[in-house]
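A quick write-up on the structure given underneath.
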Amino acid sequence: MALALCLSLLSLVTLSAQTPRKQSYMDYIRSFSPEAKRQMDRYAIPASITLAQGLIETGAGSSILALEHNNHFGIKCHNSWTGKRTYHKDDRPNDCFRSYPSARESYEDHSAFLKGKRYQRLFALRYDDYRGWAQGLQLCGYATNKGYAN
Numbered sequence: 045m046a047l048a049l050c051l052s053l054l055s056l057v058t059l060s061a062q063t064p065r066k067q068s069y070m071d072y073i074r075s076f077s078p079e080a081k082r083q084m085d086r087y088a089i090p091a092s093i094t095l096a097q098g099l100i101e102t103g104a105g106s107s108i109l110a111l112e113h114n115n116h117f118g119i120k121c122h123n124s125w126t127g128k129r130t131y132h133k134d135d136r137p138n139d140c141f142r143s144y145p146s147a148r149e150s151y152e153d154h155s156a157f158l159k160g161k162r163y164q165r166l167f168a169l170r171y172d173d174y175r176g177w178a179q180g181l182q183l184c185g186y187a188t189n190k191g192y193a194n
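Numbering-wise (our numbering), the sequence shown opens with residue 45 and increments by one.
Structure follows, in structure tokens:
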């Protein structure tokens, strides 16, 4: 089933006559799909959702947060964060974001973050209900962009 989810995500980006942007999306998916699958097996978060969030939040791995701070999901510091921090313009000019030693730690923290009480209702959804997961993430307040689930 996980393979089917990844394949459906891959089908969103065609393999023929690829533009540089499509190629960067494919490169990101190839690089991080094993980790997304590992997170799915461990935390029951669909790999397709994890990859889609990583693609959106990092611009396929090209954002400064991803490149310099291994933050693939735009997760902000919040009061409980005790790890390294970095400050960038987002909703406010100097928002605090989490900084990670590796992309894998970013993926792990993202999964743990989604297992929190705020997102608990998402886990009643099926693995293959990616629309439900995307809409649920937006409804739970994961992103401030009103078109996030689209």
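No residue lacks a Cβ here, since even glycine has one placed at the ideal position from N, Cα and C.
Backbone CA spacing between residue i and residue j [nearest angstrom]
i: Ala156; j: Ile73; result: 21 Å
i: Ser60; j: Trp125; result: Low local confidence applies: a pLDDT of 47 at Ser60 is under 50, so the model's placement there is unreliable, with the coordinate-based value given in what follows. Whole-angstrom Cα-Cα distance: 43 Å.
i: Gln19; j: Pro145; result: Given a span of 45 to 194 for the chain in the structure shown, any question on residue 19 remains unanswerable.
i: Leu49; j: Pro64; result: Low confidence applies to Leu49: its pLDDT is 45, below 50, so where it sits in the model is not reliable, and the reading given next is rough at best. One C-alpha to the other measures close to 24 Å.
i: Arg165; j: Ile108; result: 32 Å
i: Met70; j: Ser77; result: 10 Å
i: Leu99; j: Gly105; result: 7 Å
i: Thr130; j: Glu79; result: 24 Å
Nearest-angstrom beta carbon gap, residue j and residue i [assumed within contact, 8 Å]
i: Asn194; j: Ser150; result: In fact, because the Cβ distance is near 24 Å, the residues do not count as touching under 8 Å.
i: His116; j: Thr102; result: 5 Å
i: Ile89; j: Leu181; result: So it is not a contact: roughly 10 Å between Cβ atoms.
i: Arg142; j: Gly127; result: 6 Å
Limits of the alpha helix (DSSP H) - the one that residue i falls within
i: Asp153; result: Ala147 to Leu158
i: Leu76; result: Per the sequence shown, residue 76 should be read as Phe rather than Leu. Phe76 -> alpha helix (DSSP H) spans Pro64 to Tyr87.
i: His122; result: It is not in any alpha helix (DSSP H) - His122 carries neither H nor E in the DSSP assignment.
i: Ala168; result: Careful: Ala168 lies outside any alpha helix (DSSP H) and carries neither H nor E.
For residue i, the three-state DSSP class (helix, strand or coil)
i: Ala46; result: In this prediction, Ala46 scores a pLDDT of 45, lower than 50, which makes its location untrustworthy; the coordinate-derived value is nonetheless stated afterwards. DSSP places Ala46 in helix when its eight states are reduced to three.
i: Tyr174; result: helix
i: Thr102; result: helix
i: Tyr131; result: strand
Residue i: first and last residue of the uninterrupted beta strand (DSSP E) it sits in
i: Cys238; result: This structure does not reach residue 238, given that the chain is present from 45 up to 194, and the question cannot be answered.
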